[in-house]
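Just so you know, the protein sequences line up as chains A and B, in that order. Heads up: the first sequence runs through residues 1 to 496, numbered per full-length UniProt numbering. Heads up: the second sequence runs through residues 1 to 496, numbered per full-length UniProt numbering. Structure first, commentary second.
There are 2 protein chains.
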Amino acid sequence: VHHASGRHDEKNGMMSRAKVLTIDTMNPTVKKVEYAVRGPIVARAVELERELSEGMKKPFSEVIKANIGDAHAMGQQPITFFRQVLALCSYPELLSDSTFPEDAKSRACSILNSCGGNSMGSYSPSQGIESVRQDVARYIERRDGGVPCDPDNIYLTTGASDGIVTMLKLLVCGEGATRAGVMISIPQYPLYSAALAELGAVQINYYLNEEKFWSLDISELQRALDEARLYCNPRALCIINPGNPTGQVQSRECIEDVIRFAAQERLFLMADEVYQDNVYAEGCQFHSFKKVLFEMGPEYSETVELASFHSTSKCYMGECGFRGGYMEIINMDDDVKAQLTKLLSVRLCPPVPGQALMDLVVNPPQPGEPSYERFIKERTATLSTLAEKAKLTEQVLNTVQGISCNPVQGAMYSFPRITIPEKAVKEATDMGQQPDMFYCMKMLEETGICLVPGSGFGQREGTYHFRMTILPRTDKLKILLNKVQEFHLKFTQQYS
Amino acid sequence: VHHASGRHDEKNGMMSRAKVLTIDTMNPTVKKVEYAVRGPIVARAVELERELSEGMKKPFSEVIKANIGDAHAMGQQPITFFRQVLALCSYPELLSDSTFPEDAKSRACSILNSCGGNSMGSYSPSQGIESVRQDVARYIERRDGGVPCDPDNIYLTTGASDGIVTMLKLLVCGEGATRAGVMISIPQYPLYSAALAELGAVQINYYLNEEKFWSLDISELQRALDEARLYCNPRALCIINPGNPTGQVQSRECIEDVIRFAAQERLFLMADEVYQDNVYAEGCQFHSFKKVLFEMGPEYSETVELASFHSTSKCYMGECGFRGGYMEIINMDDDVKAQLTKLLSVRLCPPVPGQALMDLVVNPPQPGEPSYERFIKERTATLSTLAEKAKLTEQVLNTVQGISCNPVQGAMYSFPRITIPEKAVKEATDMGQQPDMFYCMKMLEETGICLVPGSGFGQREGTYHFRMTILPRTDKLKILLNKVQEFHLKFTQQYS
Numbered sequence: 001v002h003h004a005s006g007r008h009d010e011k012n013g014m015m016s017r018a019k020v021l022t023i024d025t026m027n028p029t030v031k032k033v034e035y036a037v038r039g040p041i042v043a044r045a046v047e048l049e050r051e052l053s054e055g056m057k058k059p060f061s062e063v064i065k066a067n068i069g070d071a072h073a074m075g076q077q078p079i080t081f082f083r084q085v086l087a088l089c090s091y092p093e094l095l096s097d098s099t100f101p102e103d104a105k106s107r108a109c110s111i112l113n114s115c116g117g118n119s120m121g122s123y124s125p126s127q128g129i130e131s132v133r134q135d136v137a138r139y140i141e142r143r144d145g146g147v148p149c150d151p152d153n154i155y156l157t158t159g160a161s162d163g164i165v166t167m168l169k170l171l172v173c174g175e176g177a178t179r180a181g182v183m184i185s186i187p188q189y190p191l192y193s194a195a196l197a198e199l200g201a202v203q204i205n206y207y208l209n210e211e212k213f214w215s216l217d218i219s220e221l222q223r224a225l226d227e228a229r230l231y232c233n234p235r236a237l238c239i240i241n242p243g244n245p246t247g248q249v250q251s252r253e254c255i256e257d258v259i260r261f262a263a264q265e266r267l268f269l270m271a272d273e274v275y276q277d278n279v280y281a282e283g284c285q286f287h288s289f290k291k292v293l294f295e296m297g298p299e300y301s302e303t304v305e306l307a308s309f310h311s312t313s314k315c316y317m318g319e320c321g322f323r324g325g326y327m328e329i330i331n332m333d334d335d336v337k338a339q340l341t342k343l344l345s346v347r348l349c350p351p352v353p354g355q356a357l358m359d360l361v362v363n364p365p366q367p368g369e370p371s372y373e374r375f376i377k378e379r380t381a382t383l384s385t386l387a388e389k390a391k392l393t394e395q396v397l398n399t400v401q402g403i404s405c406n407p408v409q410g411a412m413y414s415f416p417r418i419t420i421p422e423k424a425v426k427e428a429t430d431m432g433q434q435p436d437m438f439y440c441m442k443m444l445e446e447t448g449i450c451l452v453p454g455s456g457f458g459q460r461e462g463t464y465h466f467r468m469t470i471l472p473r474t475d476k477l478k479i480l481l482n483k484v485q486e487f488h489l490k491f492t493q494q495y496s
Numbered sequence: 001v002h003h004a005s006g007r008h009d010e011k012n013g014m015m016s017r018a019k020v021l022t023i024d025t026m027n028p029t030v031k032k033v034e035y036a037v038r039g040p041i042v043a044r045a046v047e048l049e050r051e052l053s054e055g056m057k058k059p060f061s062e063v064i065k066a067n068i069g070d071a072h073a074m075g076q077q078p079i080t081f082f083r084q085v086l087a088l089c090s091y092p093e094l095l096s097d098s099t100f101p102e103d104a105k106s107r108a109c110s111i112l113n114s115c116g117g118n119s120m121g122s123y124s125p126s127q128g129i130e131s132v133r134q135d136v137a138r139y140i141e142r143r144d145g146g147v148p149c150d151p152d153n154i155y156l157t158t159g160a161s162d163g164i165v166t167m168l169k170l171l172v173c174g175e176g177a178t179r180a181g182v183m184i185s186i187p188q189y190p191l192y193s194a195a196l197a198e199l200g201a202v203q204i205n206y207y208l209n210e211e212k213f214w215s216l217d218i219s220e221l222q223r224a225l226d227e228a229r230l231y232c233n234p235r236a237l238c239i240i241n242p243g244n245p246t247g248q249v250q251s252r253e254c255i256e257d258v259i260r261f262a263a264q265e266r267l268f269l270m271a272d273e274v275y276q277d278n279v280y281a282e283g284c285q286f287h288s289f290k291k292v293l294f295e296m297g298p299e300y301s302e303t304v305e306l307a308s309f310h311s312t313s314k315c316y317m318g319e320c321g322f323r324g325g326y327m328e329i330i331n332m333d334d335d336v337k338a339q340l341t342k343l344l345s346v347r348l349c350p351p352v353p354g355q356a357l358m359d360l361v362v363n364p365p366q367p368g369e370p371s372y373e374r375f376i377k378e379r380t381a382t383l384s385t386l387a388e389k390a391k392l393t394e395q396v397l398n399t400v401q402g403i404s405c406n407p408v409q410g411a412m413y414s415f416p417r418i419t420i421p422e423k424a425v426k427e428a429t430d431m432g433q434q435p436d437m438f439y440c441m442k443m444l445e446e447t448g449i450c451l452v453p454g455s456g457f458g459q460r461e462g463t464y465h466f467r468m469t470i471l472p473r474t475d476k477l478k479i480l481l482n483k484v485q486e487f488h489l490k491f492t493q494q495y496s
C-alpha cells in the first residue's frame, strides 16, 4: 500500500492524505475574482427562500430578487414569434402544424438549412453560423443608417460575457511595469473586474460623474490614464453604454470625445452595448460607437480598433438563459483575427439555440408578414412598461430622505446613493464588512428584498449605493419601493 | 488633431496609426494554442466546399468531413422524445397540443417549473438548475450500481470542454520549476494541450501503448511523472475513457491501477467520460472512475480527488450544438469548491436548453411511459449502427498495405497508423509541414475527404496516424473507406 504523503487521522484511525487542491495551492488569480451580482447576498437570499418554503417564520412572505437583470424570472413574457421559431427548430415535425404562422416556419427553415444535417444538434462553425452572421451584419447596417458591416467581422458568442472575456484575453500581456492595463468605469459591471483579476491584468479605474447624471468626463479618463502609465501598459478602454449599473445614456458628443481619446492615446476600444434598445429618458438616444466612429471620417474609421458587444439577454427580449450574443470587430489586425478564430475553435461553437435566437433578434418579423403586428405589440408593451418603471423608481427613491437617485435614462437598473449613518458605518467596519453590504444584508433579512451593494460595482470612497433592477412587475415594484423606503427610514433612525 | 503614434502611409497619403493589438503585442499564451480538430485542414475543406458550390471542377463531387465527432451533421437523427420536450419548453403553448405524448409534457412541465418565471429564458443558478443536478445524481447512482452521488457535487457545464477548462484553471499555479504540470495521454484530445498552453501550465505527456490496443501502462505513467518532477510540479492526471482519438476502453484493473497511482503520487484525477455509452467491442465494458474509486474502499474513496465529465454531445444523442454537460467532483476541498462556484458565477450560467437536454439524457422515458418504446428503438438503432461502423472501419483499413488500425473498442474514431514513404516525409519536411499533415492535405485535395493528421493529437516520434470519425452513414462510410484505400496506394506508389 502506498502513502507517499499520508498522515494519521486521529479521529477515525484511518490514513488520510492532504488534499492536492487546497485554498493555499490553487490558482491564486482565481481567488482574486469577485462577482457581487451573484455574491454572498444572493446566496443568503436563496437560503431565505428555502427557509420560507420549509415554513420558517420571517418578517416577509416572499424574497424579491432585484439583484440581477433577469427579466423572465421577474415575469416578463418572451416574444411569441421567437419561441415559435425555436420550437420549430427544436422539433421540425411541427413544420407541418397549421397553427404556426408561415413567417415563423420560413425563419425556422432558413435557420435549419444553415445547420449541419439541418439540426440544431450539429456544431456550427466556431465563429457562428454564416447566415446568422450575415443577418447580424444587415441589422447593424440598418441600425447605423447604412454604415457598412462585414459579416467576417461578426463573431457569435455565448452571451456578451463570453465575447468580452475573449477580447480581454487577447489583450493581456507583459509583467511588472509593462503589464497590460484596461480602463474600466467606476461604477462598473463586475464581469470586467472579475475577468481582469483572473487574467492577471491591471484594472485602471476612471470615475463616472455622479453629479452630472453619471456622465463620462474626458479629463477624468486622462487623469486615470496618466497615473496608470507610471506602473502599467494601458491597452484598452471599456465603455458600457447604456450604463450598467448607472443607467446613463451617452451623448453623441461624449462618444466622439471618447473615440478621439482612444485614437490619441492608442487604446483598443471595447463598447458594451447590450442595452442598446433600453433607452427611456426623453432627449436621450442610443448612438453606437461603430456609427459615430464611421461618421468621424477615415482618419478614425480606418484606424481605431473597436469591439462592440450585444446579447439576447437584455433589451425587450430578456432571453438570458439561451446565452446568445455577438461581437463586431473593427480594424483588427488580420493576424490577430486569425488567432482569435483559432482560440474560439477550441470551445467548438456558441450554443446553437442561442445563435438561432440572435438571428431572430436581428431579423424579426417585417411589415406585411403575419407575425409583424403581434411582435410590435409585444415589444412595445415591454419597452414602455420598462420606461414607466424606470421613471417610477427614480421618483419614489428621490422622495426618501437620505436616498438620491439619478434618472434611469436607460438599461435596467437604478443605482441610488444612500446616506449611511456613522454608527452603522462603524458597526459594519468593526465586522469587517462594507457599510453598504451591511445595509443590504439587513434589508434582505428584514424585508426579503435582495439588492446588490454599490461596493460590488465600485464607487468613490465614502459614498454608498445599491443597485436595484427595475424589472419587477409594476405592482410588485411599488411594494418593493415602499419597503425600501420604510427600511431606509428605520435603519437611519436605528443608527442615528 | 492628435497623432500620438501616427505614421505616414505612402499609399493613400493619409495618416495611419500602428495597431494597438498586433501579433507581436497580443497575449503570447494564446499564440501557443493549437486545436487540430478545427485547424488549417478544416479551413481548406470549407474553402473546397465553397469552390464546389460555385461550380469549380474538382476530382470529387462532395467534401466529406470525417474530422469531428459531429453526429447530426453526418445525418444521425435526434431522439424524438428529447426534441419534443425541448419544443414544449421553448413554446409552452404546445402543452395543450394533443399530438404530444403525455410523458414529454410532464417532463417539460417539471423542467419549466424549475426555471425562474417558468421560462428557459431566465438565468439558472450558476451551478445549474437544482432539479437537473438531482436527476444527474440519480443517474450516476443507477449507472454505478448504487454508489451514492450528492447533487451538490454536480456542476452543469457548457459542454464537457467548459468543465475541463474550468478544472484545469483551478489547478494551475506557480512559476519556473514549481509551475503546475498536468499529465495527459499521447495521443490526446487537443482541448487538453490547448487549455494547458493558454493557462501557461506544463503539459506532461504519457504515451499510450499502440501495440496493446492503445492501453495505458502504469510504468509509462511513472516514467513520465518522474521525469516531469525535475522541472515542474505535477498536480493532475487526465484520462480519456473511452479514448479519443484512440477508441480504447479501459479495463477495470487498469482503472484501479490508475487510481492507486494518483493516490500514491498525490495527483488530482480528471476522467473524461463523454463516450460512456459508446462501447462496441465484445468483452469491453465501461467502468466509471467514480464507481471503481468507491469500490476500492474508504482509503481511496474518501481521499482521492476526482472530477469526471459528461456531455450531451456524444453517445447515442450526439447533440453537440446545445452545449450541454456536467461534471461530478469528489473529495474536493470545501474552500476550493466555494471558489469554483464563485468563478462559475461570473459567466452567470450554462445555456438552459443544454441543461434541459442534459436532464432528458439522465432521465429518459421509463418502461410503461408512452415514449419508452420509441426511445429504446431509436437509441438501440443508433448505437448498433455505430458498432457496425466501428467494426467495418477497422476491417477495411486493415486490408490496406501500410495502414494498421487498432480495434475501435469505443468512442467515435479510428486512429490508424500509416506508413509514409521516406520521399514524402522529406518533401513535407522541406515544406515545413508535418508528414501526416502533408498526407491528409493531399487526400483532401484529391478525394474531398477531411481527416485530422495524427500530429494534431500527438504520437510517438517517427510514427504517423490520422483520426477519422466512424460517423458517416454506412453507405457513405464504405465509399469513404474505399477512397482512403485508393488514395493510400496511389500516394505510396507516387513517393516510392
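All residues carry an ideal CB built from backbone N, CA and C; glycine is no exception.
Backbone CA spacing between residue i and residue j [nearest angstrom]
i, j, result
"Thr80(A)", "Met358(A)", "15 angstroms"
"residue 507(A)", "Met120(B)", "Since the first residue shown for chain A is 1 and the last is 496, residue 507(A) is missing from the structure and cannot be characterised."
"Asn278(B)", "Gly410(B)", "5 angstroms"
"Lys476(B)", "Ala71(B)", "14 angstroms"
"Ala338(B)", "Val202(B)", "26 angstroms"
"Lys490(B)", "Val400(B)", "12 angstroms"
"Gly6(B)", "Arg50(B)", "Confidence at Gly6(B) is low in this model, with a pLDDT of 41, below 50, so the placement of that residue should be treated as unreliable; the coordinate-derived value is given next. Gly6(B) and Arg50(B): Cα-Cα distance of roughly 39 angstroms."
"Thr341(A)", "Ile186(B)", "25 angstroms"
"Met15(A)", "Glu299(B)", "Per-residue confidence for Met15(A) stands at a pLDDT of 47, beneath the threshold of 50, marking its modelled position as unreliable; no derived number is given."
"Thr303(A)", "Val346(A)", "30 angstroms"
"Ile140(B)", "Leu293(A)", "54 angstroms"
"Gln77(B)", "Phe322(B)", "15 angstroms"
"Leu386(A)", "Ile41(B)", "49 angstroms"
"Thr178(A)", "Glu328(B)", "40 angstroms"
"Ala4(B)", "Arg260(A)", "Bear in mind that a pLDDT of 41 at Ala4(B), under 50, signals an unreliable position, so the model cannot answer this."
Interface partners of residue i on chain A, CB under 7 angstroms
i, result
"Ser161(B)", "Arg347 and Leu348"
"Cys232(B)", "The premise fails here: Cys232(B) is roughly 14 angstroms from chain A at the closest Cβ pair, so nothing lies under 7 angstroms."
"Glu51(B)", "Near Glu51(B) there are no residues of chain A at all, since even the closest Cβ is about 15 angstroms away, more than 7 angstroms."
Chain-ordered chain A contacts of residue i [CB-CB under 8 angstroms]
i, result
"Asp335(B)", "Thr22 and Ile23"
"Gln84(B)", "Tyr91"
"Leu170(B)", "Leu21, Met26, Asn27 and Val30"
Beta-carbon spacing of residue i, residue j below 7 angstroms
i, j, result
"Tyr316(B)", "Pro421(B)", "no"
"Val408(A)", "Gly159(A)", "no"
"Tyr275(A)", "Pro242(A)", "yes"
"Pro367(B)", "Glu102(B)", "no"
"Ala307(A)", "Met183(A)", "no"
"Thr469(A)", "Tyr413(A)", "yes"
Under 9 angstroms by beta carbon: chain A residues contacting residue i
i, result
"Phe294(B)", "What Phe294(B) touches in chain A: nothing, since even the nearest Cβ is about 15 angstroms away."
Where residue i meets chain B, residues with beta-carbon distance less than 7 angstroms
i, result
"Met74(A)", "Gly117"
"Val33(A)", "Lys342, Leu343 and Val346"
"Ser124(A)", "Gly321"
CB-CB length for residue i against residue j, believed under 8 angstroms
i, j, result
"Tyr207(A)", "Glu227(A)", "Wrong, their Cβ atoms sit about 12 angstroms apart, outside the cutoff."
"Ile68(A)", "Val37(A)", "5 angstroms"
At what residue ranges does the stretch 32–64 of chain B contain a whole run of the alpha helix (DSSP H), taking only runs of 4 or more?
Runs of alpha helix (DSSP H) with 4 or more residues, each lying fully within the stretch 32–64 of chain B, are found at 40–53, listed in chain order.
Fully enclosed by the stretch 247–324 of chain A, which alpha helix (DSSP H) runs are 4 residues long or longer?
If we require 4 residues or more, the alpha helix (DSSP H) runs fully inside the stretch 247–324 of chain A come out as 252–265, 289–295 and 298–301.
Could I get the ranges of all uninterrupted beta strand (DSSP E) runs contained in the stretch 134–207 of chain B, with 3 residues as the minimum, in chain order?
The DSSP assignment places 154–158, 180–186 and 202–207 as complete runs of the beta strand (DSSP E) inside the stretch 134–207 of chain B, in order along the chain (cut-off: 3 residues).
Report the start-end ranges of each alpha helix (DSSP H) in the stretch 82–129 of chain B that is 4 residues or longer and not cut off at the edges.
Those alpha helix (DSSP H) runs which fall completely within the stretch 82–129 of chain B and span 4+ residues are 102–113.
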